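> Just passing along the structure, written as structure tokens.
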Amino acid sequence: METTKKPGIRAKQPVAPADALRNTYRPSMDKGRRVVSLDDKEFPAYPKMFNGPVEITQPTLVASRDLNSVSLALDWFRAQGVKSYHLDSFADAVTVVLDAPRAWSYLLVDIDDFGGVEGVIDELMQLRKLAPSLPVILLSSGFAVNDYGTERLYVTDASLRLPLTLGALEVAVEDAPMNNREWRQRLCA
Numbered sequence: 001m002e003t004t005k006k007p008g009i010r011a012k013q014p015v016a017p018a019d020a021l022r023n024t025y026r027p028s029m030d031k032g033r034r035v036v037s038l039d040d041k042e043f044p045a046y047p048k049m050f051n052g053p054v055e056i057t058q059p060t061l062v063a064s065r066d067l068n069s070v071s072l073a074l075d076w077f078r079a080q081g082v083k084s085y086h087l088d089s090f091a092d093a094v095t096v097v098l099d100a101p102r103a104w105s106y107l108l109v110d111i112d113d114f115g116g117v118e119g120v121i122d123e124l125m126q127l128r129k130l131a132p133s134l135p136v137i138l139l140s141s142g143f144a145v146n147d148y149g150t151e152r153l154y155v156t157d158a159s160l161r162l163p164l165t166l167g168a169l170e171v172a173v174e175d176a177p178m179n180n181r182e183w184r185q186r187l188c189a
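Under this note's numbering, the first residue of the sequence shown is numbered 1, with each subsequent residue one higher.
Here it is, written out as structure tokens:
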């Protein structure tokens, strides 16, 4: 019986450096470097329509195979005047985040599209150690309730039940950075 090793963060090849001015990724001339292009994945910001619970200045990265499950979040961030990017591969999202973790305000992941908690937990735990300052919000129809607490900090700063609601998203966007600060304090302790 042949077994396949589950791809993880360690198995990824390095990516080309980010173009800091546009937050996009350009192909590298170096052979063997993995490149994730965000050129066709951008959802440009709208003119700011309202003030949300926190000031967001960096783009948001959203990972899901089904755009419908995260369209409310993409539209909400865009209405905040924030550029958003959507990737349909969790592995690509991890690669992009690890290439430039401070370039992003939030990472939202619809884990239902990537095998649920079991399908992403190892990569999320590694991501949290390698990019601890990035607030992570997980989305799943398998969550019984929205969770804004600190019990799951080893994988996320907030967990939202799908289908997503605006109220839940706003609370998560406000609480995730505070929870993320606590996560970083725990790492330093």
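Ideal Cβ placement from N, Cα and C applies to all residues, glycine included.
These figures come from a predicted structure and were not determined experimentally.
Judging by CA-CA distance, which residue of Gly-52, Ser-105, Arg-65 is the nearest neighbour of Val-171?
Cα-wise, what sits closest to Val-171 is Gly-52.
> Measure the alpha-carbon distance for Ser-28 versus Asp-99 and round it to whole angstroms.
With a pLDDT of 35 at Ser-28, under the threshold of 50, the modelled position of that residue is not reliable, and the figure given next carries that caveat. Cα-Cα distance, rounded: 13 Å.
> Taking the DSSP output, what are the residues bridged to Asp-147?
Answer is Ser-159.
> Taking 8 Å as the threshold, find out whether the stretch 157–166 comes into contact with the stretch 134–145 through three or more Cβ pairs.
The stretch 157–166 is in contact with the stretch 134–145.
> For a test of the three-state rule: what should DSSP assign to Val-62, helix, strand or coil?
Strand at Val-62.
> Can you list, in chain order, the residues of its chain whose CB lies under 6 Å from that of His-86, leaving out five sequence neighbours each side?
For His-86, where only same-chain residues beyond five positions count, the Cβ hits under 6 Å are Lys-41, Val-62.
> Let me check understanding here. Comparing Cα to Cα, which of Thr-60, Ser-89, Ala-91 lies closest to Trp-76?
For the residues Thr-60, Ser-89, Ala-91, the minimum Cα distance to Trp-76 belongs to Thr-60.
> Between Gly-81 and Pro-47, is the Cβ-Cβ spacing less than 8 Å?
Closer than 8 Å, so yes.
> Where do the ends of the beta strand (DSSP E) carrying Ser-140 lie?
Unbroken beta strand (DSSP E) run through Ser-140: 136–140.
> First and last residue of the beta strand (DSSP E) that includes Leu-164?
Unbroken run through Leu-164: none, as it is neither H nor E.
> What three-state label does DSSP hand Asp-110 in the structure shown?
Strand.
> Going by C-alpha to C-alpha distance, which of Thr-150, Ala-93, Asp-113 sits closest to Leu-107?
Closest by alpha carbon: Ala-93.
> On a CA-only basis, which of Asp-147, Asp-113, Val-36 is nearest Leu-67? Give me that one, please.
The option with the nearest alpha carbon to Leu-67 is Asp-113.
> Where does Arg-33 land, buried or exposed, given buried means 16+ other C-beta within 10 angstroms?
For Arg-33, the pLDDT reaches just 46, beneath the cut-off of 50, and the residue's location in the model is therefore unreliable, leaving the point undetermined.
> Tell me whether Leu-130 is buried or exposed, calling it buried when 16 or more other Cβ atoms sit within 10 Å of its Cβ.
Exposed, because fewer than 16 other Cβ atoms sit within 10 Å of the Cβ of Leu-130.
> My output table needs one value for Leu-153: the three-state DSSP class, helix, strand or coil.
Leu-153 falls in the coil class under three-state DSSP.
> I need the straight-line Cα distance from Leu-153 to Arg-65, nearest angstrom please.
The alpha-carbon atoms of Leu-153 and Arg-65 are separated by roughly 24 Å.
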